[in-house]
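Protein chains: 2
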Amino acid sequence: MTQVGTRTAGGPVDATAVEQYHKHGFLLLPPAFLGEDALSRVAAVLPSALERDEVTVRSVYGVHQTEPVIAELARLPRLLHAVEQILGDGVYVHQSKINLKASFSGDQWEWHQDYVYWLQNDGIQRPDLVNVAVFLDDVTEFNGPLTFIRGSHAEGLLAGTDADGMPLGYEDAPAWVATLTADEKFQVKPEIIEKLASRNGLVSPKGPAGSVLFFHPNILHCSAPNISPFRRAVLIFVYNSVSNSPHAVPSPRPPFLSEPDVIALQPLQSGTHTR
Amino acid sequence: MTQVGTRTAGGPVDATAVEQYHKHGFLLLPPAFLGEDALSRVAAVLPSALERDEVTVRSVYGVHQTEPVIAELARLPRLLHAVEQILGDGVYVHQSKINLKASFSGDQWEWHQDYVYWLQNDGIQRPDLVNVAVFLDDVTEFNGPLTFIRGSHAEGLLAGTDADGMPLGYEDAPAWVATLTADEKFQVKPEIIEKLASRNGLVSPKGPAGSVLFFHPNILHCSAPNISPFRRAVLIFVYNSVSNSPHAVPSPRPPFLSEPDVIALQPLQSGTHTR
């Protein structure tokens, strides 16, 4: 954490935008931030990334481990430096996934915070992570956008706790598979959601394919199903600070859910893309 | 239909707005159109209208038959004359309902057109009806608004038909109960929905409680579930032209789904509200 000063100043995102992120818990940047080239590289590998045994899957994890083009995107200098500005540290990708919200169907995700899963399942001690969602399709009000309660990240951990102070549901010690379903294990009470939404307001960041949405691991969010005829695919990198690496847990999750290699990413050199 | 001229001219809705309705298949008017008084009267009877045996129901039909305050709203002069302007005829309420989209849950309704149900189930020969949705709560992008394909009413009947030219599913002669579920019986092919949505665009009319949304019985529409912490209750009147009364059908639906009394409504006299 000694490099906070140099990492946060003079990066690709201006200071006001970084402040907005910390205030509201999210930040949306237009497609120009990544550039057209980055988006088209990912679009080109999307079919292979999403196909398993000739079946198109709904979500796929560990894409930074299996797809060189996606590993390179995680190291795109502008993106990597923006993440370092936000976290004030060297960073690596703890988890990555593509959520393919198919037209006419795509699953609803209930209200939840992300960080509690990384704390409980992966032993990550501080919420010094950031979600980066790269829109692979246009995201509109109609195709199930992420919906946030503005500023709710500032409330800290909101999931219900049992008498021993453990988050609700943790006493069941489920297999890691249970961490991937749309039914949330760490539920926040409806009255808390209603109170925060009434006070702070709801917001659904929308934008064309290639837009980049940074959001805090403690922001309360959900997404409606995609009832529209248009797909809504999103690539998500969960960057973690290298000084916040996972601690030992009783039942570690597999590497495609919890990256074991905690090594600060280095910016991709220009001209070294996979062809 | 002899009175078209006098009914469409000089009414409470200006000619441009009526044109917009016929072009796009819907028209949204602000709360000032009905007035605060009308909304608060309905709000006052909402709990009793929605409660059956001490259980709050999700939808309730026939409210113009059971709730005097709602029967009176259907005859509110501005509203009644606006409907007469749109249909160019004397009108009555063929069906009414309150859809209570509860917070955190309220059902999703798949893409469908309304008119085919009134044709097939109730023997209504022409699509000379109009839906009037009175927003009982604020309708936002977050609480499952109605979503239309702009102008799709102009395409006529789009539901799949079998070899005999009958709409898909009709051959099963279901009980009327089947007409009330969120699973649509008369399905429009996904490729048709996608083509029309791409060409014409999607739109979700939104507005504060008291807003009034007129929409055509043949407009393609759907609504997402209500994942937000805020209720989205809507009162819907389906007005029909008196010259378009139901014909005999093999299995008539009960009166609360298909009004048997086809008598042109008369405007409510001022000062005659139920107290």
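Here the protein sequences line up with chains A and B, keeping their order. If you count the first sequence from 1, position 11 lands on 11 in our numbering, and the numbers rise without skipping. If you count the second sequence from 1, position 1 lands on 276 in our numbering, and the numbers rise without skipping. Beta carbons: idealized from backbone N, C-alpha and C, even for Gly.
Could you list which residues in chain A have their beta carbon closer than 9 Å to that of residue i, in chain order?
i	result
residue 508(B)	Those within 9 Å of residue 508(B) in chain A number zero; the least Cβ separation is about 16 Å.
Taking the alpha-carbon of residue i as reference, which of the options has the nearest alpha-carbon?
i	options	result
residue 272(A)	33(A), 73(A), 17(A), 20(A)	73(A)
residue 468(B)	483(B), 512(B), 422(B), 302(B)	422(B)
residue 38(A)	63(A), 75(A), 130(A)	75(A)
residue 222(A)	56(A), 101(A), 112(A)	112(A)
residue 424(B)	393(B), 337(B), 491(B)	491(B)
residue 317(B)	329(B), 342(B), 297(B), 303(B)	342(B)
residue 405(B)	397(B), 389(B), 432(B)	389(B)
residue 23(A)	248(A), 200(A), 204(A)	200(A)
residue 549(B)	519(B), 346(B), 311(B)	346(B)
residue 352(B)	501(B), 537(B), 310(B), 296(B)	310(B)
residue 238(A)	107(A), 108(A), 124(A)	124(A)
residue 337(B)	308(B), 536(B), 359(B), 541(B)	536(B)
residue 267(A)	79(A), 40(A), 28(A)	79(A)
residue 139(A)	204(A), 240(A), 40(A), 64(A)	204(A)
List, in order along the chain, the chain A residues whose C-beta lies closer than 8 Å to that of residue i?
i	result
residue 479(B)	141, 142
Identify the contact partners of residue i in chain A, using a Cβ-Cβ distance below 7 Å as the criterion.
i	result
residue 468(B)	229
Quick check on residue i - is its C-beta less than 7 Å from some C-beta in chain A?
i	result
residue 483(B)	no
residue 379(B)	yes
residue 465(B)	yes
residue 499(B)	yes
residue 408(B)	no
residue 443(B)	Low confidence applies to residue 443(B): its pLDDT is 46, below 50, so where it sits in the model is not reliable, and the reading given next is rough at best. Judged by the 7 Å Cβ criterion, residue 443(B) is not in contact with chain A.
Contact criterion: CB-CB distance below 7 Å. Does residue i meet it with respect to chain B?
i	result
residue 159(A)	no
residue 32(A)	no
residue 264(A)	no
residue 197(A)	yes
residue 187(A)	no
Mind pulling the chain B residues with CB within less than 8 Å of residue i?
i	result
residue 147(A)	417, 502, 503
I'd like the list of long-range same chain contacts for residue i, defined as Cβ closer than 7 Å, with 5 residues on each side in sequence excluded.
i	result
residue 264(A)	90, 91, 92, 242
residue 228(A)	103, 142, 143
residue 291(B)	none
residue 270(A)	none
residue 534(B)	367, 368, 369, 370
residue 30(A)	207, 211
residue 325(B)	331, 332, 335, 373, 375
residue 357(B)	286, 287, 288
residue 361(B)	293, 296, 405, 489
residue 126(A)	244
Closer than 6 Å to a non-hydrogen atom of the ligand COA - does that hold for the CB of residue i?
i	result
residue 493(B)	The ligand COA is not part of the structure shown, which contains no ligands of any sort.
Residues of chain B with a CB under 9 Å from the CB of residue i: which are they?
i	result
residue 108(A)	383, 499, 500, 502
Beta-carbon of residue i versus every beta-carbon of chain D: anything under 7 Å?
i	result
residue 539(B)	No chain D appears in this structure, whose protein chains are A and B.
Got a sec? Which residues, its chain only, sit under 8 Å from residue i by beta carbon, not counting five neighbours each side?
i	result
residue 52(A)	60
residue 391(B)	432, 434, 442, 461
residue 25(A)	148, 150, 151, 152, 153, 154, 215, 216, 218, 219
residue 319(B)	344
residue 397(B)	369, 521, 524, 527, 528, 532, 533
residue 188(A)	111, 112, 113, 158, 159, 160, 220
residue 46(A)	98, 136, 233
residue 128(A)	87, 89, 240, 241, 243, 244
Given residue i, which residues of its chain have a CB within under 6 Å of its CB, disregarding the five upstream and five downstream residues?
i	result
residue 137(A)	209, 231, 232, 233
residue 409(B)	487, 510
residue 224(A)	108, 144
residue 530(B)	none
At what residue ranges does the stretch 370-424 of chain B contain a whole run of the beta strand (DSSP E), taking only runs of 3 or more?
384-387, 404-410, 421-424
Quick one: complete alpha helix (DSSP H) runs, 4+ long, within the stretch 304-339 of chain B?
311-325
Every unbroken beta strand (DSSP E) inside the stretch 504-550 of chain B [3 residues or more]
507-516
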